[in-house]
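Participant: Sharing a structure below in structure tokens format, with a few things to ask.
There are 2 protein chains.
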Amino acid sequence: MESDQDVAISTRIRIARNLKDFDFPLYLNIEDADKLTNTVLDTMKESFDDNYKFFRIRDLSVKERLMYMEEHLISPELTRQIDKSSFLLRGDEKATIMINEEDHLRIQTLLSGLNLDAAWRLCSEIDDKLESKLNYAYDSDLGYLTACPTNVGTGMRASVMLHLPCLSIINHMNSLTEAIRKLGLTVRGLYGEGTEASGNLYQVSNQTTLGQTEEEIINKLNKIIIQIVGKERNVRKYLKEKKGFELEDKIYRSFGILKHSRLMSSKEAMNHLSALKLGFDCGYLLNDSGINIIELMIEIMPATMQKKLNVDLDKNERDKIRAEIIRNHLSRMEV
Amino acid sequence: MESDQDVAISTRIRIARNLKDFDFPLYLNIEDADKLTNTVLDTMKESFDDNYKFFRIRDLSVKERLMYMEEHLISPELTRQIDKSSFLLRGDEKATIMINEEDHLRIQTLLSGLNLDAAWRLCSEIDDKLESKLNYAYDSDLGYLTACPTNVGTGMRASVMLHLPCLSIINHMNSLTEAIRKLGLTVRGLYGEGTEASGNLYQVSNQTTLGQTEEEIINKLNKIIIQIVGKERNVRKYLKEKKGFELEDKIYRSFGILKHSRLMSSKEAMNHLSALKLGFDCGYLLNDSGINIIELMIEIMPATMQKKLNVDLDKNERDKIRAEIIRNHLSRMEV
């Protein structure tokens, strides 16, 4: 077992905050956007001891922007208003403060495993430090005001990334997604709204932010996540007992293909890596060289791959190099 | 390169002969069938020094019969009239004399590679020895008389088994089959008339036996086979040069699946083994442990597998053991 990360991969919380004296980012002119950015940077310098790196979107190449997105360190929205947006990334990459995204501030924390309380504490701590210096737009009835009404209230979205290969094998994902939606939560693919659940990775998050406290939202989400994790683990146990050979076959076929193929699309790689992770987590394969499948999944995404290799690649070249990166990782295993 | 057997795997020639004083096998009663069998056996004892083993179909289990068929040592027809049929198998398995198949005698020779002349010489030699003692049904106009009119004349069918993976990849097999048919030859799958070309293996053979000498038939077939072999080799060269990475990917994927899967149907195994053979023959993979793919293809056929292991297996168990046999063979390779 990969500790507790066999099913719950990572936890992400972000809150939306706006400053009273500025228009929402979409209506902000570049001069005011820069003013706001400097205000935030000054506050950071005064209040934060942690090591944060500052990036303006306009100073990054398209590939670099995509890489930060693929790593879930920034949101796709942040790159829509190139001249106004920027972000601060904490050295350990556990926190990002996005400036002039849809809202003036988006504070995001990203921890591994199911870690809602810790992610919320960290988020809240950063928020408190900023709030002590900045003039937040806040209404005593509505809570924090946001650019999009769905975020009004706590302005918080908490989400947990889950690896659900066995619920997928037994075709249970559609009905589970329906059930989760009825509980007021959303289920999305790896890269948010409308994206496919590539690699059997699903993000489960709260839908509404109004009328509940952050703690209530987190507690409810936590309870449901624990149930889903339990379901996935039960199905894994069931399949191991009843369909062990079929499961082992599926896992080893993916392993064989990953270990030997010469060309591989990102989508295919995600699916085989999902099976490989399942193989590690169910004990069918020994992860003796300590491969981190989730990190590898990100490493082989188009932009991250090209950024790290510092080259421009067409689709065919990417598929070639992706297969090579995976083969290299797997060559260290003693199977 | 696996010597000359990169494309032409094996050559098989069989001739049909009947004895004057007996009805054709279908109309023969069991007593006369036994009498005929004993006549042939007596002739064998007198005229043959070679070591032949004698098998009556009725003394063999269904699995044993199937095994000899899978190995192409006897024809499916031989097992249709269980009480009348038998065969003599030469120690080196290069020759079989079938008794009371569709005809009284079917003499078959089976050599590796493209070897029509030698196969014909061996067949002819056995035929001459038998003819010197037995009273063959022969008409000076029609030639050897046979139960089925399509065999009248020389009574000979010569066929060469070809491995044509690259002509298949470029979707050329249908038009090639058409062209070959127009030349008066037939193209069939691994197990004769109506069987699928599993593992990209095709048998090309003469269609008619009347109005031509054996040598003419063999020369014509040989010329056409050499052309097909040349075509397949050219396409291999072309694909290596122009689509080398795709070809290598296909071969290594098959290798990865063969090396690691836990369950495999016979059909799937044939296709991946075909790709593996191509990998050896094109130099993409080193056959350092000397695996004979064609022998392995036969080893994993349902009956041969069960006969050799001496067990009864259902489909799922066969798929499991087939995968295991293949894994064991491949584990000796140093890839």
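If you read the sequences in order, they're chains A and B. First residue of the first sequence? That's 8 in this note's numbering, and the numbers climb one at a time after it. First residue of the second sequence? That's 8 in this note's numbering, and the numbers climb one at a time after it. Each residue gets a CB set at the ideal place from its N, CA and C atoms; glycine is no exception. Just so it is clear, the structure is predicted and the values come from calculations on it, not from any experiment.
Have a look at R65(B), L95(B), L174(B) and flag the residue whose alpha-carbon is nearest the alpha-carbon of T86(B).
Facilitator: The alpha carbon of T86(B) has as its nearest neighbour, out of R65(B), L95(B), L174(B), the alpha carbon of R65(B).
Participant: Span of the alpha helix (DSSP H) holding M51(A)?
Facilitator: 37 to 54
Participant: Report all residues from its chain with a CB closer than 7 Å to the CB of T50(A); omit the five preceding and five following residues, and keep chain order.
Facilitator: Answer for T50(A): L137, K140, L141, listed in chain order.
Participant: Go through its chain and collect everything with a Cβ distance to L246(A)'s Cβ below 6 Å, but skip five positions before and after it.
Facilitator: C173, L254
Participant: Between E331(B) and chain A, is any beta-carbon pair separated by less than 8 Å?
Facilitator: no
Participant: Given a threshold of 16 other Cβ atoms within 10 Å of its Cβ, counted over all protein chains shown, does Y34(A) qualify as buried or as exposed?
Facilitator: So Y34(A) ends up on the exposed side.
Participant: So L270(A) contacts chain B; which residues on that side make the cut at Cβ distance below 8 Å?
Facilitator: Within chain B, the residues near L270(A) are F252, E253, D256.
Participant: So, for L43(A): in the same chain, excluding its five sequence neighbours on each side, which residues have a beta-carbon less than 8 Å away from its beta-carbon?
Facilitator: L26, F29, L35, I106, N107, H111
Participant: Would I176(B) count as contacting chain A if we go by Cβ distances under 8 Å?
Facilitator: Chain A, which has no Cβ nearer than 8 Å to the Cβ of I176(B), makes this no.
Participant: Can you list the residues of chain A that F262(B) reaches, using a CB-CB cut of under 7 Å?
Facilitator: H267
Participant: Identify which residue in K244(A), I305(A), G120(A) has its Cα closest to the Cα of D13(A).
Facilitator: It is G120(A) whose Cα lies nearest to the Cα of D13(A).
Participant: In the DSSP output, which residue or residues are listed as bridge partners for H170(A)?
Facilitator: H170(A) has L208(A) as its beta-bridge partners, per DSSP.
Participant: For K60(B), which beta-bridge partners are listed by DSSP?
Facilitator: L96(B)
Participant: Compute the distance between the beta-carbons of T103(A) and I81(A), then report whether it is under 8 Å.
Facilitator: Taking 8 Å as the cut-off, the Cβ atoms of T103(A) and I81(A) count as close.
Participant: From M388(A) to M277(A), what distance separates their C-alpha atoms?
Facilitator: Residue numbering for chain A in the displayed model covers 8 to 342; residue 388(A) lies beyond these limits and cannot be assessed.
Participant: Could one say the Cβ of K327(B) lies closer than 8 Å to chain A's Cβ atoms, at least one of them?
Facilitator: yes
Participant: Work out the CA separation of L169(B) and K189(B) for me, nearest whole Å.
Facilitator: One alpha carbon belongs to K189(B), the other to L169(B), and they sit about 19 Å apart.
Participant: Exposed or buried, which one is Q234(B) when buried takes at least 16 other CB atoms within 10 Å?
Facilitator: Result: exposed.
Participant: Could one say the Cβ of Y259(A) lies closer than 8 Å to chain B's Cβ atoms, at least one of them?
Facilitator: Yes - at least one Cβ of chain B is within 8 Å of the one on Y259(A).
Participant: Taking the C-alpha atoms as reference points, what is the distance between M74(B) and K101(B)?
Facilitator: 16 Å
Participant: Thinking E77(B) and A310(B) are a contact (beta carbons under 8 Å), I'd like their distance in whole angstroms, please.
Facilitator: 6 Å
Participant: Ends of the alpha helix (DSSP H) at M304(B)?
Facilitator: 300 to 306
Participant: Near A154(A), which residues of its chain fall below 6 Å by C-beta distance, leaving aside the five closest residues on each side in sequence?
Facilitator: Around A154(A): F31, E109, D110.
Participant: Is V159(A) helix, strand or coil by DSSP?
Facilitator: coil
Participant: Below 8 Å on the Cβ atoms is my guess for R19(A) versus L117(A); work out the distance and round it to an integer in Å.
Facilitator: 5 Å
Participant: Would you kindly report the start and end of the unbroken beta strand (DSSP E) that includes T18(A)?
Facilitator: 15 to 24
Participant: Determine, using beta-carbon pairs with one atom in the segment 279 to 293 of chain A and one in the segment 214 to 222 of chain A, whether at least three such pairs fall under 8 Å.
Facilitator: no
Participant: Mark S92(B) as exposed unless 16 or more other C-beta atoms lie within 10 angstroms of its C-beta, in which case mark it buried.
Facilitator: buried
Participant: Shorter than 8 Å from the beta carbon of Q214(A) to some beta carbon of chain B?
Facilitator: no
Participant: Which residues in the same chain as R269(A) place their Cβ atom closer than 6 Å to its Cβ, once the five residues preceding and following it in sequence are excluded?
Facilitator: A330
Participant: Verify whether the separation of the beta carbon atoms of G162(A) and A23(A) is less than 8 Å.
Facilitator: Yes, these two residues count as a Cβ contact at 8 Å.
Participant: Beta strand (DSSP E) containing I233(A): first to last residue?
Facilitator: Not the beta strand (DSSP E): I233(A) falls in the alpha helix (DSSP H), residues 221 to 249.
Participant: For Y145(A), which residues from the same chain have a beta carbon less than 6 Å from its beta carbon, with the 5 sequence-adjacent residues on both sides left out?
Facilitator: Y151
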